[in-house]
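In the working numbering, the protein residues as written are 60 to 491. Written out below as structure tokens is the structure these notes cover.
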């Protein structure tokens, strides 16, 4: 029954996509981030929902080209395009060109739909809906995981949707950390107390769920995120008290096995998993030093580790967004990836600077601040996780770019608006 209900909703939404292509962008975000079909057990589980929604959205974009709005140029978008171009340049130099195409195709499809989203989401209501969809797509998973952690006493790990970027407990933990500041933004925007309490529940449950993943990277990310959330919040006293009171309660609740795992952060030399990551990082560094274009998407195998790793028998994924990009796309790719993060941060800073003194634009100021909090959590937690191509952090760029274009358009129309509302003086009232 769940399968048919989900498919009926998705397929029933396609006619609306052709009427309002921006709805297709929202559907894509929901499917790509949450993977709702992976919570079914029948026909919907393997149904190509992403292909259906993505194809319909692209076709609607072509047919209703009046709905397409060119993005406002920014350094962040320019670096993003250069990063994507570099991934295409490195493709022919992959160690295993016959097996990398699937991953390259998956990444490029995601990036294409992110760019299409920028083209279609141009009104304020579109931007607001996109923020809600992105936030709740992960936040509802956090609510589910938080309840599971509380009812199980934290004895079992929280996992993400099967077959997704965030299937693993580590990746799921980081995604939850990134979305908490976005939920806080929504909490500050709404006025209905019931919705406010619901968003508070999402934030609290997501934090508990992140701890329930038993991911050390997520634990470090939540510390960084909480610190920046306090720094960027306009109500530092309330946020500080909430963090101070909630943190000890959550830590005390977690079982001894969780505390023992977190303690290995201080004794990483004795932890096999941590040493395996360091082995993979050294492999990626040596590979990049020996190959200007990197090794491509599929480099985590015995042959590559035998050639570049200190311990050839300890084969691990990169477990770091930075070493993942370094090994796969070389030092140029890593430089562009880091520069992209810096440019997204600067785009948010520019929006904060230009809107902070205008009460009507406080929603942009607030989101830009929370986007920086999310970026800080992703930058710290991502140092220990292979999540370089996950959509969620790129949606921060998408939303900020849409806000940047909307703001530029509104300010361009402002003089005309003021002129239209200025009272006309009669000829007799004119001064001589």
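All C-beta atoms in this analysis are idealised placements derived from N, C-alpha and C, irrespective of residue type, glycine included.
Rounded to the nearest angstrom, what separates residue 548 and residue 114 at their Cα positions?
No answer is possible for residue 548: it lies beyond the span of the chain, which begins at 60 and ends at 491.
Starting from residue 438 and walking both ways along the alpha helix (DSSP H), at which residues does that stretch end?
Start at 1 with the first residue of the chain shown, and residue 438 comes out as number 379. Residues 421-440.
Tell me whether the beta-carbon of residue 277 lies closer than 7 Å to the beta-carbon of residue 436.
Within the chain shown, residue 277 is the residue found at index 218, counting from 1. Within the chain shown, residue 436 is the residue found at index 377, counting from 1. No, the pair does not count as a contact, with Cβ atoms beyond the cut-off.
Supposed contact pair residue 227 and residue 219 - C-beta distance, whole angstroms, cut 8 Å:
Within the chain shown, the letter at position 160 stands for residue 219. Within the chain shown, the letter at position 168 stands for residue 227. In this structure residue 219 touches residue 227 by the C-beta definition: roughly 7 Å separates them, less than 8 Å.
Would you call the region 113-128 in contact with the region 145-156, where contact means no fewer than 3 C-beta pairs closer than 8 Å?
With a cut-off of 8 Å, the region 145-156 and the region 113-128 do not count as touching, because too few Cβ pairs lie within range.
Nearest to residue 374 by CA position, among 448, 358 and 384, is which residue?
One-based indexing of the chain shown puts residue 374 at position 315. The shortest CA-to-CA distance from residue 374 to any of 448, 358 and 384 is the one to 358.
Touch test, the region 89-98 against the region 186-206, Cβ-Cβ under 8 Å, three pairs minimum:
A contact is defined here as three or more CB-CB pairs under 8 Å, and the region 89-98 meets this definition with respect to the region 186-206.
Cβ of residue 385 within 7 Å of Cβ of residue 442?
Your numbering for residue 385 matches position 326 in the chain shown. Your numbering for residue 442 matches position 383 in the chain shown. No, the pair does not count as a contact, with Cβ atoms beyond the cut-off.
For residue 465, count neighbouring Cβ atoms within 10 angstroms of its own Cβ and tell me buried if that reaches 16, exposed if not.
The residue labelled residue 465 in the question sits at position 406 within the chain shown. A buried status is given to residue 465, since no fewer than 16 other beta-carbon atoms sit within 10 Å of its beta-carbon.
Please report how far the alpha carbon of residue 149 lies from the alpha carbon of residue 428, in whole angstroms.
Here residue 149 corresponds to residue number 90 of the chain shown, with the count starting at 1. Here residue 428 corresponds to residue number 369 of the chain shown, with the count starting at 1. For residue 149 and residue 428, the distance between alpha carbons rounds to 34 Å.
Using only the alpha-carbon positions, how far apart do residue 327 and residue 362 sit?
In the chain shown, residue 327 corresponds to position 268, counting from 1. In the chain shown, residue 362 corresponds to position 303, counting from 1. Because the pLDDT of residue 327 is 48, which lies under 50, any placement of that residue in the model is unreliable, and the number read from its coordinates should be weighed accordingly. Per the coordinates, the alpha-carbon of residue 327 lies some 26 Å from the alpha-carbon of residue 362.
What number of angstroms, rounded off, separates the C-alpha of residue 69 from the C-alpha of residue 285?
Indexing the chain shown from 1 puts residue 69 at position 10. Indexing the chain shown from 1 puts residue 285 at position 226. Straight-line Cα distance between these residues: approximately 36 Å.
For the region 242-255 against the region 180-196, are there 3 or more C-beta pairs whose distance is under 8 Å?
As far as the Cβ criterion goes, the region 242-255 touches the region 180-196, which means the pair count is three or higher.
Continuous beta strand (DSSP E) assignments of at least 3 residues falling wholly in the region 249-300
Within the region 249-300, no run of beta strand (DSSP E) reaches 3 residues while sitting entirely inside it.
What does a CB cutoff of less than 7 Å around residue 422 pick up in its chain, not counting 5 residues either side in sequence?
Taking the first residue of the chain shown as position 1, residue 422 is located at position 363. Excluding positions up to five away in sequence, the list reads 248.
Less than 6 Å between C-beta atoms, sequence neighbours within five positions excluded: which residues of the same chain meet that for residue 453?
Residue 453 sits at position 394 when you count from the first residue of the chain shown. Taken in chain order, the residues that qualify are 173.
Can you tell which of 72, 289 and 217 has the C-alpha that lies nearest to the C-alpha of residue 235?
Here residue 235 refers to the residue found at position 176 of the chain shown. Among 72, 289 and 217, the Cα nearest to that of residue 235 belongs to 217.
From residue 166 to residue 448, what does the alpha carbon distance come to, in whole angstroms?
Working through the chain shown from its first residue, we reach residue 166 at position 107. Working through the chain shown from its first residue, we reach residue 448 at position 389. The straight-line gap from Cα to Cα measures roughly 7 Å.
Residue 399 and residue 138 - do their beta-carbons sit closer together than 7 Å?
Reading the chain shown from its first residue, position 79 is the one you call residue 138. Reading the chain shown from its first residue, position 340 is the one you call residue 399. Going by C-beta atoms, residue 138 is nearer than 7 Å to residue 399.
Quick check: what's the CA-CA separation for residue 397 versus residue 288?
In the chain shown, counting from the first residue as 1, residue 397 sits at position 338. In the chain shown, counting from the first residue as 1, residue 288 sits at position 229. When rounded, the distance between both Cα atoms is 22 Å.
May I ask which residues mark the beginning and end of the alpha helix (DSSP H) holding residue 405?
Residue numbering aside, residue 405 sits at position 346 when the chain shown is read from its first letter. Per DSSP, residue 405 belongs to the alpha helix (DSSP H) from 380-414.
Cα-Cα separation, residue 78 to residue 121
Counting from 1 along the chain shown, the entry for residue 78 is found at position 19. Counting from 1 along the chain shown, the entry for residue 121 is found at position 62. The straight-line gap from Cα to Cα measures roughly 12 Å.
Taking the C-alpha atoms as reference points, what is the distance between residue 210 and residue 162?
To locate residue 210, count along the chain shown from 1; it is residue 151. To locate residue 162, count along the chain shown from 1; it is residue 103. Approximately 37 Å between the Cα atoms of the pair.
Can you list, in chain order, the residues of its chain with a C-beta nearer than 6 Å to that of residue 274? Leave out the 5 residues immediately preceding and following it.
Sequence index remark: in the chain shown, residue 274 carries index 215 (1-based). Taken in chain order, the residues that qualify are 228, 229 and 232.
Enclosing alpha helix (DSSP H) for residue 61 [first to last residue]
Your numbering for residue 61 matches position 2 in the chain shown. Note, residue 61: alpha helix (DSSP H), 61-78.
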